[in-house]
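**Student:**
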Amino acid sequence: MEIHGGFTETMQEGSGDMRRPFLIGERLYLRLLEESDIGEDYLGWLNDVEVTRYLETGRFPSTLETMRKYLNHFRNSTTDMIFAIVDRETDHHVGNVTLNRISWIHRTADTGLMIGRKDFWGKGYAFEAWSLLIEYAFQRLGLRKIIAGAVADNKASIVALEKLGFRVEGTFRREYLIDGEYRDSVRLGLLREEFYKYVQ
Ligand SMILES: CC(C)(COP(=O)(O)OP(=O)(O)OC[C@H]1O[C@@H](n2cnc3c(N)ncnc32)[C@H](O)[C@@H]1OP(=O)(O)O)[C@@H](O)C(=O)NCCC(=O)NCCS
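Residues in the sequence shown are numbered consecutively from 141, following our numbering.
Next up, the structure:
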């Protein structure tokens with residue numbers, strides 16, 4: 141996977157035209173999430189209980205207005221970023237990935253990810269999107285540790301994170317109400333030297 145240095149209006153590479161790619165992988169690329177991404181498709185993901193089952197998003201109905209407010213939060217922030225995950229083959233926006241609460245003192249950040257298009261689940265897209273973001277966080281932002289949280293039942297998420305090198309650092313008992321029951325959550329952490337790409 142290549143990391144590209146900056147924004148380009150469009151870029152021809154491989155199978156399709158990419159619009160303002162920031163980080164380019166084999167099957168997907170990441171670019172900043174934009175106002176034009178906010179629309180009925182994305183709104184549908186946030187109001188789909190299967191997509192939001194393990195997320196805080198979705199507890200209350202989302203609207204185009206709440207989504208714009210959410211996007212505005214990231215503008216001009218030096219500690220929170222959100223990227224659109226875009227399928228290179230079709231140029232479809234399929235999900236988002238965030239790098240949040242960057243601490244420039246401790247050199248840590250949290251990450252979260254949503255593949256909103258369910259037809260893109262189970263194809264390794266979470267792994268590839270996180271891989272691009274984490275390499276960027278370590279190499280270009282100089283961070284040394286990335287943190288992720290997941291409901292313990294969210295096996296697909298935990299498997300993808302563990303494949304990247306994350307380790308479970310702790311369990312929080314009965315933290316979240318999911319499908320009428322209080323479920324455990326886990327916190328996972330990834331040190332730079334544990335990232336699968338850097339492991340010898
Ligand atoms: C959870 C989510 C991120 C997974 O994305 P994805 O692109 O389908 O994940 P990947 O294909 O990269 O990897 C999933 C892995 O989990 C495995 N997996 C899936 N369900 C599993 C289960 N019930 N038990 C064990 N492993 C499972 C898959 O086999 C795959 O492993 P493999 O690559 O070795 O085959 C995606 O479904 C999603 O965005 N869901 C909605 C939002 C969400 O829950 N986000 C995560 C918040 S922490």
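Built from N, CA and C at the ideal position, the CB exists for glycine as well. Since this is a predicted model, take the numbers as computed values, not measurements.
1. Let's test the definition: count the other Cβ atoms within 10 Å of the Cβ of Leu330 and tell me whether it reaches 16, buried, or not, exposed.
2. Kindly list the residues whose CB is nearer than 6 Å to the CB of Glu334, restricted to its own chain and excluding five residues on each side of it in sequence; keep chain order.
3. Along the alpha helix (DSSP H) that carries Asp181, what are the first and last residues, could you check?
4. Which two residues bound the contiguous beta strand (DSSP E) that contains Val226?
5. Spatial neighbours of Leu204 within its chain, please: C-beta separation below 7 Å, excluding the five flanking residues on both sides.
6. Please confirm whether any heavy atom of ligand 1 lies closer than 7 Å to the CB of Asn240.
7. Within the continuous beta strand (DSSP E) that includes Ile287, where are the two ends?
8. From Tyr169, Leu317 and Leu163, pick the residue whose C-alpha is nearest to that of Thr197; which is it?
9. Please check the pair Val191 and Lys258, which I expect to be a contact at CB under 8 Å, by giving their CB distance rounded to whole angstroms.
10. Leaving out five residues before and five after Asp343 in sequence, what residues of the same chain have Cβ atoms less than 6 Å from its Cβ?
11. For Trp270, which residues in the same chain have their Cβ closer than 8 Å to its Cβ, ignoring the five residues on either side in sequence?
12. Given a threshold of 16 other Cβ atoms within 10 Å of its Cβ, counted over all protein chains shown, does His233 qualify as buried or as exposed?
**Tutor:** The structure says:
1. What you label residue 330 is simply residue 190 of the sequence shown in a count that begins at 1. Per the 10 Å Cβ criterion, buried.
2. Residue mapping note: residue 334 aligns to position 194 of the sequence shown, counting from 1. These residues qualify, in order along the chain: Gly305.
3. Against the sequence shown, residue 181 aligns to sequence position 41. Glu180 to Leu186 is the extent of the alpha helix (DSSP H) around Asp181.
4. The residue given as residue 226 occupies position 86 in the sequence shown. Met221 to Asp227 is the extent of the beta strand (DSSP E) around Val226.
5. Residue mapping note: residue 204 aligns to position 64 of the sequence shown, counting from 1. In chain order, Ile178 and Leu183 place their CB closer than 7 Å to the CB of Leu204, counting only its own chain and leaving out the 5 sequence neighbours on each side.
6. The residue labelled residue 240 in the question sits at position 100 within the sequence shown. No; taking the cut-off as 7 Å, the Cβ of Asn240 has no heavy atom of ligand 1 nearer than that.
7. By one-based count along the sequence shown, residue 287 stands at place 147. Counting along the chain, the beta strand (DSSP E) containing Ile287 begins and ends at Lys285 to Val291.
8. Mapped onto the sequence shown, residue 197 falls at position 57. Looking at the Cα atoms, Leu317 is the closest of the given residues.
9. Indexing the sequence shown from 1 puts residue 191 at position 51. Indexing the sequence shown from 1 puts residue 258 at position 118. Right, their Cβ atoms sit about 7 Å apart.
10. In the structure displayed, the chain extends from 141 to 340; residue 343 sits before or after that span and is not available.
11. Position 130 of the sequence shown, counted from the start, is the residue given in the question as residue 270. Answer for Trp270: Val237, Thr251, Leu253, Ala300, Leu301 and Leu304, listed in chain order.
12. Locating residue 233 in the sequence shown gives position 93, counting from the first residue. Buried, because 16 or more other Cβ atoms sit within 10 Å of the Cβ of His233.
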